[in-house]
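Read top to bottom, the protein sequences are chains A and B.
Per the UniProt record's numbering, residue 1 is the first one in the first sequence, and the count goes up by one each step.
Per the UniProt record's numbering, residue 1 is the first one in the second sequence, and the count goes up by one each step.
In this text, a Cβ means the ideal position worked out from N, Cα and C, and glycines have one as well.
Number of protein chains: 2
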Amino acid sequence: MRIGDLAGKTGVAVRSLRYYEEQGLLTSVRGCGGQRQYDESAVERVDLIQLLYSAGLSSKAIRGLLPCVVSKASTPESRTALAAERERIDGQIADLVRARDKLDEIILFSGSPESGCTWVETAQV
Amino acid sequence: MRIGDLAGKTGVAVRSLRYYEEQGLLTSVRGCGGQRQYDESAVERVDLIQLLYSAGLSSKAIRGLLPCVVSKASTPESRTALAAERERIDGQIADLVRARDKLDEIILFSGSPESGCTWVETAQV
DNA sequence: ATTGCAGCTCACATCTGTGTCAGGTTTTAG
DNA sequence: CTAAAACCTGACACAGATGTGAGCTGCAAT
């Protein structure tokens, strides 16, 4: 599979795939003409990378965790890092829930005119 | 209250407070010597800003929502924006939960030697 | 009055994942 | 064989919140 195919299958830009490789998150085999070749497992790998990116992990953090997943290697350091990231994500979720609750509060308030809130027709910029 | 006091009370850097003002999120009254003066309500305001920042809202988004909160003004646009941000946060929470579940899966696997996973002593860089 | 800390503005640096352009090579279709 | 499409490297740009430094002014205590 060439890079464009992988990009198509994962929905990730070609540029990003090259960047992942540069960051050591993704490997490829180079064919005779120097073009990257990927096997099917790369799709799963890219999906995982995206998953972790979407959770706010940096490429460096992902790089640190990948050996656990891929080569199934577990070191004391990697276990610590995994736990730390898990905690961070938990905290992040808590932040988001608090923010969502706050927004809900505001929405409730601003959605009911009887709350005493001022309804106007146009945006106040 | 001067800017340093506000920074102290909120745990936000002085630089950031000036930035918030630049972005129209925070206002101050200038004393005779051009120094910013804040009243007590500024603390609450900065806390709110931080809450929204931590939920991933941009300063522009926050700027758009603040009138709803502060001057209690509700426009069709602001109600739409509020709902949109709420949805975005919901999606972000879902992403995080998925990532956390994935990490849990990995942690479970890498934490139990009988899983067939390789335990090594040093990090594989 | 002097010293020293706090504040002011302006401006440039940082970090990260991506976009984008240039200039060149490989692969593929016709 | 040729043209188009895909790929390659390298490099620069961006956005956004914050860090940092220079050079100057205000304020408080001695």
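Residue i versus residue j - alpha carbon distance
i	j	result
B:A73	B:V12	27 angstroms
A:L51	A:R79	19 angstroms
A:E31	B:E77	In the sequence as displayed, the identity of residue 31 of chain A is Gly instead of Glu. Roughly 54 angstroms between the two C-alpha positions.
A:K9	A:V43	7 angstroms
B:T122	B:I89	In this prediction, B:T122 has a pLDDT of 46, which is less than 50 and means its spatial position is unreliable; what the coordinates show is noted afterwards. Cα-Cα distance, rounded: 39 angstroms.
B:Q23	B:L82	19 angstroms
B:G56	B:V46	15 angstroms
A:S28	A:S58	21 angstroms
A:L103	B:E85	8 angstroms
B:K60	A:L96	18 angstroms
A:E21	A:R15	10 angstroms
A:T75	A:G34	35 angstroms
A:R36	A:E87	36 angstroms
B:S41	B:G91	32 angstroms
A:D101	A:L108	10 angstroms
B:I62	B:V69	10 angstroms
A:Y19	B:C117	29 angstroms
B:G64	A:L17	35 angstroms
A:W119	B:M1	33 angstroms
8 angstroms Cβ cutoff met for residue i and residue j
i	j	result
A:S110	B:A99	no
A:L66	A:Y38	no
B:L26	B:I3	no
B:I93	A:I93	yes
Beta carbon proximity, residue i to chain B, threshold 8 angstroms
i	result
A:G11	no
A:R18	no
A:K60	no
A:R86	yes
A:I49	no
A:S80	Correcting the residue identity first, residue 80 of chain A is Thr in this sequence and not Ser. Not closer than 8 angstroms to any Cβ of chain B, the Cβ of A:T80 fails to qualify, so no.
A:V69	yes
A:R45	no
A:S41	no
A:G8	no
Range covered by the alpha helix (DSSP H) that runs through residue i
i	result
A:S78	P76 to G111
Beta carbon proximity, residue i to chain A, threshold 8 angstroms
i	result
B:D90	yes
B:L26	no
B:C32	no
B:V97	yes
B:D5	no
B:L108	no
residue 130 of chain B	Limits of chain B in this structure are 1 at one end and 125 at the other, which puts residue 130 of chain B out of reach.
Runs of 4 residues minimum, wholly inside the UniProt domain "HTH merR-type" (1 to 68) of chain B: which ones carry the alpha helix (DSSP H) assignment? 3 to 10, 14 to 22 and 41 to 54
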